[in-house]
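The opening residue of the sequence shown carries number -13 in the numbering used here; numbering runs sequentially from there.
The C-beta atom is built at its ideal place from N, Cα and C for all residues, glycine as well.
Here the structure is a predicted model, which means the values were calculated and not measured.
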Amino acid sequence: MSSLLTNSAAMTALQTLSGTNKQMDTTQNRISTGYRVSDAADNAAYWSIATTMRSDNKALGAVQDALGLGAATVDVMYTALNSTVDVVSEIKAKVTAAAQPGVDRGKIQGEIDELQNQLQNIAASAVFNGENWLQFDSTDAGAAADREIVSSFTRTATGAVSLETTTVEITGTQLVDTGGANAGILDEDRSGTFTFAGASVTGTSLVDIDVNAAAADGDFSADMEVAVGLVDAVLSDITDAATNLGAIKNRIGLQQDFVSELKDSIDRGVGQLVDADMNAESTRLQALQTQQQLGIQALSIANGNSQNILSLFR
-13 MSSLLTNSAA MTALQTLSGT NKQMDTTQNR ISTGYRVSDA ADNAAYWSIA
37 TTMRSDNKAL GAVQDALGLG AATVDVMYTA LNSTVDVVSE IKAKVTAAAQ
87 PGVDRGKIQG EIDELQNQLQ NIAASAVFNG ENWLQFDSTD AGAAADREIV
137 SSFTRTATGA VSLETTTVEI TGTQLVDTGG ANAGILDEDR SGTFTFAGAS
187 VTGTSLVDID VNAAAADGDF SADMEVAVGL VDAVLSDITD AATNLGAIKN
237 RIGLQQDFVS ELKDSIDRGV GQLVDADMNA ESTRLQALQT QQQLGIQALS
287 IANGNSQNIL SLFR
């Protein structure tokens, strides 16, 4: 039935066009943002999960930065310890050579002095970001405290979060004790008795060894045997310290790789939940644009029905 008061066809066409326009708005929003779930109104559950996981990923990014800083610090200390191993090995060779009869021990000691100075320089120069794990005051609780490197961020099934750290016991890497307690590997008083300058000396350290000071009336061969043993003990301690630090360095590297892969996997998982399929959305937009044009034409035709009725009375 045709009516001048109610144009049912126009109302239907208008509703259809409004629905098409709403779908176009949704599709255009997905294309412009790249998300099919951009806020809680789109899908509350997926939006909540995605928001939480994005937040966790930012925390993992901070962990990644902390691991990078820790790796750089460990690398500096590890490199310094390796250099120390080389220098101590040279000292061991010099002390061994000094035990040979007829050698110029004064010149050999001059070389050892330079190597001892080099050890001090290595320990003092091993600094990164204000941290030096090779030279510090062992009596200072803060300076000698274990170092904690943030290595992971975890969230349990109940939603509780926690941070895990990698511990570095720097008392095991200390080469020089600036506090005078001689707790470092290089300045530690070692068990050994030497006859230096006519006096019996017990418990000397690597940085105090002087092959030229051994008294002529002492048993020089025995002294040098003890000295070589002392240097070898120091070398063993430094090797152990470098080994432990190398293991930590390797662990940090593995953790860096894992955190990087974990961040990527979380990004992919969030994408599966909220990312828009751009190919599908583009195709849908073209179809909706066609529907919109047809809807406008249908509404125009429906609005013309009233004019057609009026023409019957002319």
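If I'm right that residue i touches residue j with Cβ under 8 Å, what's the distance once you round it to whole angstroms?
i, j, result
"V217", "V81", "6 Å"
"D152", "R237", "Rather than Asp, the amino acid found at residue 152 in this sequence is Thr. Indeed they touch by this definition, with Cβ atoms about 6 Å apart."
"V62", "I224", "Going by Cβ atoms, the distance from V62 to I224 rounds to 16 Å, so no, they are not a contact pair."
"A36", "V256", "5 Å"
"G47", "K249", "7 Å"
"Y64", "A228", "7 Å"
"A163", "D173", "Residue identity check: residue 163 is Asp in the sequence provided, not Ala. About 6 Å; that satisfies the 8 Å criterion."
Can you name, in chain order, every residue of its own chain whose Cβ lies under 7 Å from the Cβ of residue i, other than the five neighbours on each side?
i, result
"T6", "L274, Q277, Q278 and G281"
"N198", "R91, G92 and Q95"
Going by DSSP, which residues form a beta bridge with residue i?
i, result
"V147", "R141"
"D28", "Paired residues: none, contrary to the question."
"V162", "Q121"
"Y21", "D261"
"F114", "E117"
"I135", "T152"
For residue i, which residues in the same chain have their Cβ closer than 6 Å to its Cβ, ignoring the five residues on either side in sequence?
i, result
"I108", "A66, S69 and T70"
In angstroms with no decimal places, state the Cα-to-Cα distance between residue i and residue j.
i, j, result
"A143", "A(-1)", "51 Å"
"V147", "R141", "4 Å"
"Q9", "D42", "33 Å"
"Q258", "Y32", "10 Å"
"T269", "Q14", "11 Å"
"A202", "M210", "The pLDDT assigned to A202 is 49, lower than 50, so where the model puts this residue is not dependable, and the model offers no usable value."
"M39", "E134", "26 Å"
"G96", "A112", "25 Å"
"D11", "V260", "17 Å"
"I77", "S246", "43 Å"
So, for residue i: in the same chain, excluding its five sequence neighbours on each side, which residues have a beta-carbon less than 8 Å away from its beta-carbon?
i, result
"D126", "G165"
"N115", "L55, A58 and T59"
Can we say the stretch 264 to 273 touches the stretch 13 to 30, given the rule of at least three CB pairs closer than 8 Å? yes
Count the C-beta pairs between the stretch 150 to 169 and the stretch 103 to 121 that are closer than 8 Å, then say yes if the count reaches three, no if not. Because the criterion of three Cβ pairs below 8 Å is met, the stretch 150 to 169 and the stretch 103 to 121 touch.
With three or more C-beta pairs closer than 8 Å as the rule, is the stretch 46 to 65 touching the stretch 242 to 251? Output reads yes: the stretch 46 to 65 touches the stretch 242 to 251.
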